[in-house]
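A.B. asks: All residue numbers in the sequence shown are consecutive under the numbering used here, ending with 830.
We put the beta carbon where it would ideally sit given N, CA and C, even for glycine.
All values derive from a computational prediction rather than experimental measurement.
Have a look at the structure that comes next, please.
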Amino acid sequence: MITEDELQQILRAGTYAATGMGKQSPIIIAVTKKELRDQFAEENRKIMGAPEGVDPFYGAPVILVVLANKAIPTHVYDGSLVMGNLMNAAESLGVANIWIHRAKEEFESDFGKNIFADLGIEGEYEGIGHCALGYAVEPAKKAAPRKEDYVYYIR
């Protein structure tokens, strides 16, 4: 489990992500309770179509679910920037992290709707992604070389 201080620093970084017109459409649900984390993993596994026993979150003990208010036209971009900030902050602290998809489908289901109800979250939110956090069992692989035509200049 990551430390509470690490978690708070990562969450704070997420809240400072740029958003369209500064409207702050995203929200973050921080899941540290093992039973609920395991329920998220099971729902995600089912949506993924993976066999029983597969953990889509790779055993990470902390899951940060990013959602964004559908009423804001930039909500998907806003939530994506939050995910990026969470991941960069985690990396800077030495906390392993990975973006896991299927949050959209999770929160369109009864499972997600019940999470909203339990937390008292009202409004129309779209799941953007899960940021799974923990300490890596083995070192990260070396990044693949960057493609040659990644950047074009107009000078």
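In or out: L794 buried (at least 16 other Cβ within 10 Å) or exposed?
C.D. replies: Flag for L794 reads exposed.
A.B. asks: Taking K698 as the reference, give the member of L686, I704, K745 with the closest Cα.
C.D. replies: Answer by Cα proximity: K745.
A.B. asks: To test your reading of the DSSP string, which unbroken beta strand (DSSP E) runs of 3 or more residues are found completely within the region 764-810?
C.D. replies: With a minimum length of 3 residues, the continuous beta strand (DSSP E) runs that stay inside the region 764-810 are 771-775, 800-809.
A.B. asks: Which of helix, strand or coil does DSSP assign to I819?
C.D. replies: Looking at the sequence itself, residue 819 is Ala, so the reference to Ile does not match. A819: coil per DSSP, three-state reduction.
A.B. asks: Does DSSP classify V737 as helix, strand or coil?
C.D. replies: V737 falls in the strand class under three-state DSSP.
A.B. asks: How many Å lie between P701 and G804 at the Cα?
C.D. replies: Near 11 Å, if we compare the C-alpha coordinates of G804 and P701.
A.B. asks: Expressed to the nearest angstrom, what Euclidean distance is found between the alpha-carbon atoms of L711 and V826?
C.D. replies: Approximately 42 Å, taken between the alpha carbons.
A.B. asks: Taking Cβ to Cβ, would you say I685 is nearer than 7 Å to F715?
C.D. replies: No.
A.B. asks: Is the Cβ-Cβ distance between E823 and E781 less than 7 Å?
C.D. replies: It is not a contact, given that the beta carbons lie outside the stated cut-off.
A.B. asks: Thinking just about the alpha-carbon of each residue, which of A692, D680, A725 is nearest to the one in V741?
C.D. replies: It is A692.
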